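Sequence order for the protein chains is A and B.
Take 0 as the starting number for the first sequence in numbering that gives the first Met the number 0 and just add one per residue.
Take 0 as the starting number for the second sequence in numbering that gives the first Met the number 0 and just add one per residue.
All residues carry an ideal CB built from backbone N, CA and C; glycine is no exception.
On a predicted model such as this, the values are computed, not experimentally measured, just so you know.
Everything on this sheet refers to the single structure shown next.
Protein chains: 2
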Amino acid sequence: MIETPAVVVDRDVLERNVARTAEAVAARGLALRPHVKTHKIPEIAALQLAAGAVGITVATIGEAEVFADRGAADVFIAYPLWLSEAKAARLRALRDRASVAVGVDSADAARHLGAAVPGLEVLVEVDSGHHRSGVHPGAVVPIAQAARDAGLAVVGAFTFPGHSYGPDAAAVAARGERDALVAAGEALRTAGFDVRVLSGGSTPSLAATEDGGATEVRPGVYVFGDAQQWELGHVDPSDIALTVLATVVSVHDDRVILDAGSKILGADRAAWATGHGRLLEHPGARITALSEHHATVTGVPLGLGDVVRVVPNHVCNVVNLVDEVLVVRRGEVEGRWAVAARGRNS
Amino acid sequence: MIETPAVVVDRDVLERNVARTAEAVAARGLALRPHVKTHKIPEIAALQLAAGAVGITVATIGEAEVFADRGAADVFIAYPLWLSEAKAARLRALRDRASVAVGVDSADAARHLGAAVPGLEVLVEVDSGHHRSGVHPGAVVPIAQAARDAGLAVVGAFTFPGHSYGPDAAAVAARGERDALVAAGEALRTAGFDVRVLSGGSTPSLAATEDGGATEVRPGVYVFGDAQQWELGHVDPSDIALTVLATVVSVHDDRVILDAGSKILGADRAAWATGHGRLLEHPGARITALSEHHATVTGVPLGLGDVVRVVPNHVCNVVNLVDEVLVVRRGEVEGRWAVAARGRNS
């Protein structure tokens with residue numbers, strides 16, 4: 000008997016997802032460096048590393064610390080860090096227990112990083128069309144030179160093709176990723192840099208990854224899947240490993256209310272999403288409104304006390320809302336995993 | 000030196016907000032029972048109670064437990080609970096240390112509650128136009144009778160006028176709240192019930208509350224304010240007490256990137272919001288995109304390393320993302336408050 004609402008991970012599905020992506024990426028000759036911000040759980044990182052991942056990707060120093068303390072030996076912080084004195088000290092300490100690389104996307108940031116953490120490995124971030132951080136591939140060389148001059152070790156370039164998150168967007172994003180990484184790699188090599196890594200990847204664009212660009216990929220969501228991936232056609236509902244168990248608490252002619260809201264499902268809703276999440280066993284149902292503790296569901300006849308599995312829109316933000324997840328296998332609770340890096344935003 | 004990103008509460012502004020709303024509600028002859036899901040912090044509940052609140056409102060048994068253990072003597076769980084055996088046992092135990100009332104919106108739920116927690120006080124939930132949980136005011140009597148027959152103590156009715164969350168929506172929501180509570184109260188009295196409480200209220204509708212309806216109000220967000228309240232015109236930016244301190248980590252011709260994303264700002268974005276949050280000191284700036292650790296800001300010239308105060312769209316979900324908030328007074332860190340009820344979703 001699981002108390003609702005609760006985040007539940009189906010271990011068989013999880014392990015299948017980990018193995019399938021590891022095999023698919025290896026078959027293409029790419030390195031896999033999964034982004035663990037999706038799960039924040041060292042036990043899952045261990046499964047990914049055992050399946051052949053070359054290391055892990057994180058977004059913050061805090062996440063890197065948690066995973067390094069739990070055995071991750073090779074960590075890429077895929078973020079353009081701007082270090083305070085305290086963060087610089089933490090990053091220097093982190094390098095004593097793991098191989099660490101970070102992102103950089105300006106000459107000023109490179110000088111700031113180099114002064115704080117001499118010898119640190121960096122990858123120059125390029126913008127492949129998502130228009131977040133990262134520079135045009137034509138601008139990588141001065142940044143790499145500033146990094147080298149500041150005492151950093153430039154090992155390559157990276158990009159996040161986040162514009163893959165939209166209907167029919169995967170192929171365009173994958174092409175953008177390839178073009179940006181090829182251009183950045185050529186520019187760096189021409190300028191005399193030894194380019195060891197060209198890193199890309201996102202779960203939506205993964206299957207569309209084009210040959211000749213990335214040497215490694217950093218998908219995150221593939222371990223669990225979520226309603227966004229389902230609605231974008233990148234995951235079959237049978238491969239969704241994480242759901243939020245919820246109970247019907249109120250029934251009306253046109254809707255029922257579940258005891259799960261944005262404080263456990265997250266508030267993500269892309270413009271193209273059909274609702275605030277899906278119900279795994281009821282593909283015709285829609286969550287048409289979401290409060291902090293209420294999900295309003297239409298399109299399925301449910302009764303008071305019924306328990307359903309909600310597929311959240313964006314799983315990365317769900318895991319960050321709970322201290323632990325329940326691990327089930329064939330419907331039985333097998334254990335609990337602490338979300339060890341929850342809330343490690345800095 | 001505060002490490003970013005971090006949630007910061009300005010104590011002077013907070014105390015002013017607590018006092019101002021307490022006075023305004025008292026001047027109208029209404030009881031104030033603030034919803035503490037907004038802050039989840041016992042120290043803030045203590046300020047509210049010291050300013051005259053008659054009790055507190057929570058959304059879950061878990062929140063009620065945390066606040067009762069920290070001195071809250073009178074707790075309304077404004078939610079249509081459907082009790083598992085474990086939840087029933089917790090609710091019975093809670094009644095040993097606090098006065099507790101809960102919501103009910105069907106005869107079946109009333110019978111279920113009555114069997115689990117005999118003598119429990121309940122308020123029938125009515126729908127005043129938000130169309131979430133709650134019934135039409137014309138349907139309250141059979142529910143109240145079922146509750147009485149099941150051994151529950153019916154003390155009144157409540158509604159949440161959540162349709163106040165929209166441009167120019169406050170007056171309509173306040174009118175709907177009044178009409179629903181008047182109708183529910185009259186129906187219950189006519190059927191022989193002693194109606195002690197008619198409970199309404201939301202921060203957007205508070206100033207528009209109409210006389211003759213609610214006897215108590217349950218606003219939550221007023222303690223902090225947020226970008227939603229700012230954009231709806233219900234709070235002046237100078238009265239916003241909670242912000243997320245963030246650092247500029249990447250600068251481009253048309254945008255800058257902050258080190259705060261949806262994992263600390265929350266992913267809430269109403270259709271009418273102008274972006275994913277605002278910058279307190281830069282009202283012309285907009286957060287045009289939000290990832291988990293990146294906020295993309297346009298409309299303000301900022302440089303690498305600049306620190307800004309971000310006003311999140313929906314503050315209730317922000318506090319639920321962090322273990323503690325920094326308390327500042329006149330720019331100096333005075334202490335830290337644990338978010339004691341963070342993640343208490345059940």
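Quick one: is residue 208(A) buried, meaning 16 or more other Cβ sit within 10 Å of its Cβ, or exposed? buried
So is residue 188(A) buried or exposed if we call it buried at 16+ other beta carbons inside 10 Å? exposed
List the residues of chain B that residue 293(A) touches, going by C-beta distances under 7 Å, in chain order. 131 and 132
In the DSSP assignment, what residue or residues form a beta bridge with residue 9(A)? 327(A)
Here's the rule I'm using: 16 or more other beta-carbon atoms within 10 Å means buried, otherwise exposed. How should residue 52(A) be labelled? buried
Looking at the unbroken beta strand (DSSP E) that takes in residue 157(A), where does it start and where does it end? 152-157
Contact under 7 Å by Cβ, residue 20(A) with residue 34(A): no
What whole-angstrom Cβ distance do residue 41(A) and residue 245(A) have, given they're in contact under 8 Å? Incorrect: roughly 27 Å between the Cβ atoms, too far for contact.
Residue 85(B): contacting residues in chain A (beta-carbon distance under 8 Å): 0 and 2
Contacts of residue 161(A) in chain B (Cβ-Cβ under 8 Å): 290
Can you tell me where the alpha helix (DSSP H) with residue 124(A) in it begins and where it stops? Counting along the chain, residue 124(A) falls outside any alpha helix (DSSP H), though it belongs to the beta strand (DSSP E) covering 120-124.
Whole-Å CB distance - residue 104(A) paired with residue 76(A), under 8 Å assumed: In fact, because the Cβ distance is near 13 Å, the residues do not count as touching under 8 Å.
Can you check whether the CB of residue 227(A) is closer than 7 Å to the CB of residue 313(A)? yes
Any beta-carbon of chain B closer than 7 Å to the one on residue 137(A)? no
So which of 301(A), 237(A) and 156(A) has the shortest CA-CA distance to residue 279(A)? 237(A)
When you check each C-beta in the segment 296-328 of chain B against every C-beta of chain A, which residues fall closer than 8 Å? 303, 304, 313, 315, 316, 319, 320, 321 and 322
Of the residues that make up the segment 260-279 of chain A, which ones have a beta carbon closer than 7 Å to any beta carbon in chain B? 261, 262, 263, 265, 266 and 267
Expected contact under 8 Å - CB spacing of residue 137(A) and residue 201(A) to nearest Å: Contact flag wrong, Cβ pair sits at about 23 Å.
If you reduce the DSSP assignment to three classes, tell me which class residue 336(A) lands in. strand
Using only alpha-carbon positions, find the residue among 311(A), 65(A) and 38(A) that is nearest to residue 230(A). 311(A)
Identify the continuous beta strand (DSSP E) that holds residue 189(A) and give its terminal residues. Taken as a continuous stretch (DSSP letters only), residue 189(A) belongs to no beta strand (DSSP E), being part of the alpha helix (DSSP H) at 169-189.
I'd like to confirm the pairing. Which residues does DSSP put opposite residue 297(B) in its beta bridges? 285(B)
Taking CB distances under 7 Å as the criterion, tell me whether residue 336(B) reaches chain A. no
Quick one: which residues of the segment 47-65 of chain A get their C-beta closer than 8 Å to a C-beta of chain B? List them in chain order. 58 and 59
Say whether the segment 60-69 of chain A touches the segment 335-343 of chain A, bearing in mind that this needs 3 or more beta-carbon pairs closer than 8 Å, one atom from each stretch. yes
If you compare alpha carbons, which of 319(A), 132(A), 221(A) and 153(A) is closest to residue 190(A)? 153(A)
Please tell me whether residue 29(B) and residue 215(B) are closer than 7 Å, where the distance is taken between their beta carbons. yes
Between residue 16(A) and chain B, is any beta-carbon pair separated by less than 7 Å? no
Put residue 164(B) into one of helix, strand or coil per three-state DSSP. coil
Chain A partners of residue 104(B), CB-CB under 8 Å? 249
In DSSP terms, what residue 278(B) is bridged to: 281(B) and 309(B)
Name the chain B residues whose beta carbon is nearer than 8 Å to that of residue 256(A)? 79, 131 and 132
Hey, residue 219(B) and residue 37(B): beta-carbon distance below 7 Å or not? yes
Taking residue 108(A) as the query, report the chain B residues whose CB atoms sit under 7 Å from its CB, ordered along the chain. 303
Please determine, among 290(A), 284(A) and 254(A), the residue with the shortest C-alpha to C-alpha distance to residue 262(A). 290(A)
Less than 7 Å separating the beta-carbons of residue 354(B) and residue 288(B)? The requested residue 354(B) is not part of the displayed model; chain B covers only 0 to 345.
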